[in-house]
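Visitor: Have a look at this one.
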Amino acid sequence: LPGDLPTPKLPRPLSTAMSRTLLLTTFLLAAVAGGTPGESGISHEELLGRLREVTEELARIQALVHAEGGDGEPPHQGRLQTRRMHASDTASIADLQGAMNHMWLLICGALVMFMQAGFAMLEAGCCRSKNVQNIMMKNLTDVCAGTMCWWAFGWMFAYGPVEGRTKFAGNTEYFGHDFMAEPYTGTIVSTDKPLNWFFQWAFCSAAATIVSGGIAERVNFPCYFLYTLCMTSIIYPVVVAWTWSGNGWLQGGNDEHINSVGYFDFAGSGIVHMCGGVGALVGAIVVGPRTGRWDEDRATEFDPHSLPLVVLGTFILWFGWYGFNCGSTLGMADTATGQLAASVAMNTTISAATGGLTVLGLRLLLLKRYDVGGMCNGILAGLVSITAPCGNVECGSACCIGLIGALIYQGASSLLRKVKIDDPIDAFPVHGAAGAWGTLAAVIFDWGDGIGVFHGWGGFSCTTDSAGGCLDGARGQAFVANLVGIIAIAAWTGLLSAVILVPLKFVALRATDEVQELGMDTAKHSPTKAYAHEW
Numbered sequence: 005l006p007g008d009l010p011t012p013k014l015p016r017p018l019s020t021a022m023s024r025t026l027l028l029t030t031f032l033l034a035a036v037a038g039g040t041p042g043e044s045g046i047s048h049e050e051l052l053g054r055l056r057e058v059t060e061e062l063a064r065i066q067a068l069v070h071a072e073g074g075d076g077e078p079p080h081q082g083r084l085q086t087r088r089m090h091a092s093d094t095a096s097i098a099d100l101q102g103a104m105n106h107m108w109l110l111i112c113g114a115l116v117m118f119m120q121a122g123f124a125m126l127e128a129g130c131c132r133s134k135n136v137q138n139i140m141m142k143n144l145t146d147v148c149a150g151t152m153c154w155w156a157f158g159w160m161f162a163y164g165p166v167e168g169r170t171k172f173a174g175n176t177e178y179f180g181h182d183f184m185a186e187p188y189t190g191t192i193v194s195t196d197k198p199l200n201w202f203f204q205w206a207f208c209s210a211a212a213t214i215v216s217g218g219i220a221e222r223v224n225f226p227c228y229f230l231y232t233l234c235m236t237s238i239i240y241p242v243v244v245a246w247t248w249s250g251n252g253w254l255q256g257g258n259d260e261h262i263n264s265v266g267y268f269d270f271a272g273s274g275i276v277h278m279c280g281g282v283g284a285l286v287g288a289i290v291v292g293p294r295t296g297r298w299d300e301d302r303a304t305e306f307d308p309h310s311l312p313l314v315v316l317g318t319f320i321l322w323f324g325w326y327g328f329n330c331g332s333t334l335g336m337a338d339t340a341t342g343q344l345a346a347s348v349a350m351n352t353t354i355s356a357a358t359g360g361l362t363v364l365g366l367r368l369l370l371l372k373r374y375d376v377g378g379m380c381n382g383i384l385a386g387l388v389s390i391t392a393p394c395g396n397v398e399c400g401s402a403c404c405i406g407l408i409g410a411l412i413y414q415g416a417s418s419l420l421r422k423v424k425i426d427d428p429i430d431a432f433p434v435h436g437a438a439g440a441w442g443t444l445a446a447v448i449f450d451w452g453d454g455i456g457v458f459h460g461w462g463g464f465s466c467t468t469d470s471a472g473g474c475l476d477g478a479r480g481q482a483f484v485a486n487l488v489g490i491i492a493i494a495a496w497t498g499l500l501s502a503v504i505l506v507p508l509k510f511v512a513l514r515a516t517d518e519v520q521e522l523g524m525d526t527a528k529h530s531p532t533k534a535y536a537h538e539w
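To convert, count from 1 in the sequence shown and add 4; that's this note's numbering.
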């Protein structure tokens, strides 16, 4: 080797093995830098041999450092630092998971809230232009008044802790009480309740808005405003308390649920959509049809005034539905939850597409014409149908669920027309009938893992058997539980809606024939029309 190489100065004490390897590596690098192996006095064979020695030394060093806990440090000190590092990493991972969960639910909640724009466009497009302002005001009221009611009493009934032995509804945390401060001390603490409040508020607003479409163009605003207050503060929150709160009598996973499984609804086919759909049906029956609706010589007068708005509203709702369904994973902190959310998105997409194509083909067969509005409602029926089973069925089942949901929608829509119940946007066929079907489909098409799972505020938990494993063979019990849930939700919503609306019918629930003929916008609003030009 050319020249004498100085011993390298090490920054801190290293093990003997580490020093030897560094020296050997230095010699080899100097040999290569001095020219070819033959010219620098070292043969190829010797160079390869020394390289092997370096490799062996490095392996030994790795083992020694691993055993000693560091570069020449006492073993106990290295292990202590490792423990501290692991504890710090664990805390950082927990913080990151919490942040991801918060971000996920905030984004999904915003998507669900944006569905209000879809409802507004869909409802406005389906109705006559002379009532568009009135429709927009009702939808805005659903959000604004619904927010105040959810804050005041809705959250309390739905998710508030239960004091005393009751499975009916929560009875604490009204007006956000105890959301931000510990009792007695007043110390501000970090909680998840504002996040959960926001996400579930968006669902509550959606349920209220569904009713608006079923009674459009002929209900006086003050009466509708009163009904919205009741829907968002009592009717819908109590349904949630029975099913999603973790304390309700329909809920699985507690000591007093309906059977060993309990009601299962991943994202709300029954809890949200059927609740709103039944309210719309009762409202349509109590208020009665629009003036002249069933006169044969005026049939075309009640056609949708803007199909572009209908299509726009449908696309907005479809987009927002990914927040509705995927967000019901209630978090996004690990790969398994991400895979579940992806499966939910795939099922949601397939069911919606199948529903739209089914109604398009069916109406082409029956009417010999393409029906864009019918296709839009078929898409929505597919979305409603998959909302309950989206997390526990396979993609082929999602296709079947969307197809059957579209057929059920078409049958319910035709039935309402036959019995002359005026539902301008088919709110009950889309949300009520398809919602009931979706609730049953969650059991019928379950792939074997989801039946033993309930959606409670603590997340998703497995209903255990006597051996501590997940309960199997529960499909029959789950079917009974979901069937009872459908009946209970329909009865509660229908009864309370009737109690509220029937007395109002004798006061000022329905707009007069003169106001309906003139148009709600001209008679009640300023400016007197929604569009700057005649439509």
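Every residue, glycine too, gets a C-beta built ideally from N, C-alpha and C.
(1) Is it true that the CB of Ile219 sits closer than 8 Å to the CB of Val136?
(2) Roughly how many angstroms lie between the CA atoms of Glu305 and Thr295, to the nearest whole one?
(3) Using CA coordinates, which residue listed in Thr358, Ile289 and Cys404 is at the minimum distance from Leu384?
(4) Could you tell me the alpha carbon to alpha carbon distance between Ala3 and Ala212, rounded to whole angstroms?
(5) Which of the three DSSP states, helix, strand or coil, is assigned to Arg421?
(6) Residue range of the alpha helix (DSSP H) that Val291 falls in?
(7) Looking only at C-alpha atoms, which of Leu364, Gly335 and Gly327 sits nearest to Ala349?
(8) Measure the C-alpha to C-alpha separation of Ser347 and Trp298 and round it to an integer number of angstroms.
(9) Mapping the DSSP letters down to three states, classify Val136 as helix, strand or coil.
(10) Count the other CB atoms within 10 Å of the CB of Ile429; is the residue buried (16 or more) or exposed (fewer)?
(11) Could you tell me the distance, in whole angstroms, from the CA atom of Asp488 to the CA atom of Cys279?
(12) How do the region 226-243 and the region 151-168 stand: do at least 3 beta-carbon pairs fall below 8 Å, yes or no?
(13) How about Val223 and Arg514: are their beta carbons less than 8 Å apart?
(14) Out of Val511, Leu411 and Gly102, which one is the CA nearest neighbour of Pro226?
(15) Mark Ile491 as exposed unless 16 or more other C-beta atoms lie within 10 angstroms of its C-beta, in which case mark it buried.
(16) Return the chain-ordered list of same chain residues with a C-beta closer than 8 Å to the C-beta of Leu368, the five sequence neighbours on each side being excluded.
(17) Quick check on the DSSP output: what are the complete alpha helix (DSSP H) runs of length 4 or more inside the region 342-399, in order along the chain?
(18) If you measure between the beta carbons of Val388 and Gly378, is that distance less than 8 Å?
(19) What did DSSP end up calling Val488 once you bin it into helix, strand or coil?
(20) Any contact between the region 396-410 and the region 333-346? By contact I mean 3 or more CB pairs, one from each, below 8 Å.
(21) For the structure I just gave you, are there three or more beta carbon pairs, one from the region 125-133 and one from the region 308-316, closer than 8 Å?
(22) Using a 10 Å radius around the Cβ and a threshold of 16 neighbouring Cβ atoms, would you call Ala53 buried or exposed?
(23) Could you spell out where the alpha helix (DSSP H) holding Lys528 opens and where it closes?
(24) Enumerate in chain order the residues of its own chain whose CB-to-CB distance from Leu233 is below 7 Å, with the five nearest sequence positions on each side excluded.
(25) To the nearest whole angstrom, what separates the beta carbons of Gly266 and Ala485, a pair I think is in contact under 8 Å?
(26) Measure the alpha-carbon distance for Gly382 versus Ile425 and round it to whole angstroms.
(27) Report, in whole angstroms, the separation of the C-beta atoms of Gly274 and Gly439, which I expect to be a contact under 8 Å.
(28) Would you call Val506 buried or exposed, if buried means 16 or more other Cβ atoms sit within 10 Å of its Cβ?
(29) According to DSSP, is Gln520 helix, strand or coil?
(30) Just the Cα atoms here: how many angstroms apart are Val503 and Val519?
(31) Beta carbon of Ala534, beta carbon of Asp525: below 8 Å?
(32) Give me, in chain order, the residues of the same chain whose beta-carbon lies closer than 7 Å to that of Ser237; leave out the 5 immediate sequence neighbours on both sides.
(33) Apart from the five residues on each side of it in sequence, which residues of its chain come closer than 6 Å, Cβ to Cβ, to Leu100?
(34) Consult DSSP for Arg56 and reduce its assignment to one of helix, strand or coil.
(35) Taking the straight line between their C-alpha atoms, what separation do you get for Gly283 and Ile214?
(36) Find out if the Cβ-Cβ distance for the pair Gly119, Leu321 is shorter than 8 Å.
Guide: Walking through what the data contain:
(1) Within the sequence shown, numbered from 1, the residue matching residue 136 stands at position 132. Within the sequence shown, numbered from 1, the residue matching residue 219 stands at position 215. No.
(2) Here the question's residue 305 lines up with position 301 in the sequence shown. Here the question's residue 295 lines up with position 291 in the sequence shown. Spanning the two alpha carbons is a distance of roughly 11 Å.
(3) Within the sequence shown, residue 384 is the residue found at index 380, counting from 1. Answer by Cα proximity: Thr358.
(4) The structure shown has nothing for residue 3, since the chain only spans 5 to 539.
(5) In the sequence shown, counting from the first residue as 1, residue 421 sits at position 417. Three-state result, Arg421: helix.
(6) Locating residue 291 in the sequence shown gives position 287, where the first residue counts as 1. From DSSP, the alpha helix (DSSP H) with Val291 extends over Cys279 to Val291.
(7) Here residue 349 is taken as the residue at index 345 of the sequence shown, counted from 1. Residue Gly327 holds the alpha-carbon nearest to the alpha-carbon of Ala349 among Leu364, Gly335 and Gly327.
(8) Counting from one through the sequence shown, the residue named residue 347 turns up at place 343. Counting from one through the sequence shown, the residue named residue 298 turns up at place 294. Each residue's alpha carbon lies about 44 Å from the other.
(9) Counting from 1 along the sequence shown, the entry for residue 136 is found at position 132. Three-state DSSP puts Val136 in a helix.
(10) Position 425 of the sequence shown, counted from the first residue, corresponds to residue 429. Under this definition Ile429 is a buried residue.
(11) As a working mapping, residue 488 is identified with position 484 in the sequence shown. As a working mapping, residue 279 is identified with position 275 in the sequence shown. Looking at the sequence shown, residue 488 is not Asp but Val. Distance between the alpha carbons of Val488 and Cys279 is about 14 Å.
(12) yes
(13) Position 219 of the sequence shown holds residue 223. Position 510 of the sequence shown holds residue 514. A contact, by the Cβ cut-off of 8 Å.
(14) The sequence position of residue 226 within the sequence shown is 222, counting from 1. Checking every option, the nearest Cα to that of Pro226 belongs to Val511.
(15) If you number the sequence shown from 1, residue 491 lands on position 487. It is exposed - the Cβ of Ile491 has fewer than 16 other Cβ atoms within 10 Å.
(16) Working through the sequence shown from its first residue, we reach residue 368 at position 364. Tyr374 and Asp375.
(17) DSSP runs (the alpha helix (DSSP H)) wholly in the region 342-399: 376-391.
(18) Within the sequence shown, residue 388 is the residue found at index 384, counting from 1. Within the sequence shown, residue 378 is the residue found at index 374, counting from 1. Taking a C-beta distance under 8 Å as the contact criterion, Val388 and Gly378 do not qualify as a contact pair.
(19) Taking the first residue of the sequence shown as 1, we reach residue 488 at position 484. Helix at Val488.
(20) no
(21) A contact exists between the region 125-133 and the region 308-316.
(22) By one-based count along the sequence shown, residue 53 stands at place 49. Sequence check: residue 53 is Gly here, not Ala. Flag for Gly53 reads exposed.
(23) For the purposes of this step, residue 528 is identified with residue 524 of the sequence shown, where counting begins at 1. From DSSP, the alpha helix (DSSP H) with Lys528 extends over Met524 to Lys528.
(24) Stepping through the sequence shown from its first residue, residue 233 is reached at position 229. Excluding sequence neighbours, Leu233 sits near Ala149 and Cys153.
(25) Translated into positions along the sequence shown, residue 266 becomes position 262. Translated into positions along the sequence shown, residue 485 becomes position 481. Contact flag correct, Cβ pair sits at about 5 Å.
(26) Residue numbering aside, residue 382 sits at position 378 when the sequence shown is read from its first letter. Residue numbering aside, residue 425 sits at position 421 when the sequence shown is read from its first letter. Near 20 Å, if we compare the C-alpha coordinates of Ile425 and Gly382.
(27) Residue numbering aside, residue 274 sits at position 270 when the sequence shown is read from its first letter. Residue numbering aside, residue 439 sits at position 435 when the sequence shown is read from its first letter. Correct: roughly 6 Å between the Cβ atoms.
(28) The residue labelled residue 506 in the question sits at position 502 within the sequence shown. Counting the other Cβ atoms within 10 Å of the Cβ of Val506 gives fewer than 16, which makes it exposed.
(29) As a first step, residue 520 must be located in the sequence shown, where it is residue number 516. DSSP places Gln520 in helix when its eight states are reduced to three.
(30) Along the sequence shown, one-based indexing puts residue 503 at 499. Along the sequence shown, one-based indexing puts residue 519 at 515. Answer to the nearest angstrom: the Cα atoms are 26 Å apart.
(31) Along the sequence shown, one-based indexing puts residue 534 at 530. Along the sequence shown, one-based indexing puts residue 525 at 521. In contact: Ala534 and Asp525 (Cβ atoms closer than 8 Å).
(32) Residue mapping note: residue 237 aligns to position 233 of the sequence shown, counting from 1. Taking C-beta separations shorter than 7 Å and ignoring five residues to either side along the sequence, the partners of Ser237 in its chain run Cys153, Ala156, Phe157 and Gly158, following chain order.
(33) The residue you call residue 100 lines up with position 96 of the sequence shown. No residues qualify anywhere along the chain.
(34) Your numbering for residue 56 matches position 52 in the sequence shown. Three-state DSSP puts Arg56 in a helix.
(35) Along the sequence shown, read from residue 1 onward, the residue named residue 283 stands at position 279. Along the sequence shown, read from residue 1 onward, the residue named residue 214 stands at position 210. Roughly 8 Å between the two C-alpha positions.
(36) Counting from one through the sequence shown, the residue named residue 119 turns up at place 115. Counting from one through the sequence shown, the residue named residue 321 turns up at place 317. Looking at the sequence provided, one finds Met at residue 119 rather than Gly. Closer than 8 Å, so yes.
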